Ligand code: G4P
Ligand code: NA
Ligand code: NA
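In my numbering, the protein residues as written are 290 to 478.
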């Protein structure tokens with residue numbers, strides 16, 4: 290997606306060989322025009338799949354998932370993060386490690402919001418190692434819903450998440466793929 294690449298070149302701040310800050314468009318501020326275009330592009334790629342629900346995780350996935358859901362005309366659900374393990378039987382809960390943050394978090398979705406009748410697209414802002422995505426995929430599988438695929442704004446293809454999830458047979462659609470951040474330079478695939 291050329292527009293997203295241009296924006297990333299304009300506002301992206303490379304903070305290490307592995308991490309790019311995109312606060313101006315994804316992780317702190319939201320550009321409504323760009324976000325709507327991203328939603329449109331996710332919807333275009335999945336429209337034929339009879340999507341019934343868009344799933345994401347708080348917080349930065351929410352605007353783009355909302356935009357995709359709006360375009361597809363379906364509800365959006367965001368998984369919530371909790372600091373303590375929730376053991377109630379009304380939620381699907383999965384523990385995921387965070388590579389960048391160095392700790393584990395518990396993510397959860399209320400059982401009433403995902404069912405075996407759902408056909409789900411999973412949207413997120415970044416994929417790095419894919420731990421968050423794998424946790425969400427486990428929740429989708431436990432609910433009996435069908436996972437149609439992932440829609441990722443920024444895939445860092447020098448990290449293994451996108452590749453390993455594709456290798457497991459899941460469709461992964463990325464709007465842009467960054468192949469390297471080495472030396473402060475943003476290289477797109
Ligand atoms: P993984 O899920 O793919 O394994 O990634 P990881 O644990 O490393 O990601 C932890 C958080 O950092 C996630 O946000 C993820 O979106 C974000 N992230 C990963 N790589 C980058 C990067 O290069 N730049 C930026 N800006 N973020 C990155 P989160 O914990 O879900 O937080 P939130 O922003 O959704 O609230
Ligand atoms: Na994030
Ligand atoms: Na995220």
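We treat Cβ as the ideally placed atom computed from N, Cα and C, and that holds for glycine. All values reported here derive from a predicted model rather than from experimental measurement.
- At least one heavy atom of ligand 1 lies closer than 8 angstroms to the C-beta of residue 309.
- It is roughly 23 angstroms from the alpha-carbon of residue 367 to the alpha-carbon of residue 293.
- A heavy atom of ligand 1 is found nearer than 8 angstroms to the CB of residue 347.
- Fewer than three beta-carbon pairs drawn from the region 387-397 and the region 429-446 are found closer than 8 angstroms, and the two stretches are therefore not classed as touching.
- Around the C-beta of residue 378, fewer than 16 other C-beta atoms lie within 10 Å, and the residue is accordingly described as exposed.
- Residue 423 and residue 353 have their C-alpha atoms spaced approximately 19 angstroms apart.
- In the structure shown, residue 309 falls within a strand segment according to DSSP collapsed to helix, strand and coil.
- Between ligand 1 and the CB of residue 457, the shortest heavy atom gap is not smaller than 8 angstroms.
- In the DSSP secondary-structure assignment, residue 411 is bridged to 344, 439.
- Closer than 8 angstroms to some heavy atom of ligand 3: that describes the Cβ of residue 415.
- The shortest C-alpha to C-alpha distance from residue 347 to any of 455, 445, 395, 328 is the one to 395.
- As a beta-bridge residue in DSSP terms, residue 381 pairs with 398.
- Ligand 3 has no heavy atom closer than 8 angstroms to the beta-carbon of residue 313.
- Under DSSP, residue 367 forms a beta bridge with 345.
- DSSP places residue 475 in the coil class of the three-state scheme, outside both helix and strand.
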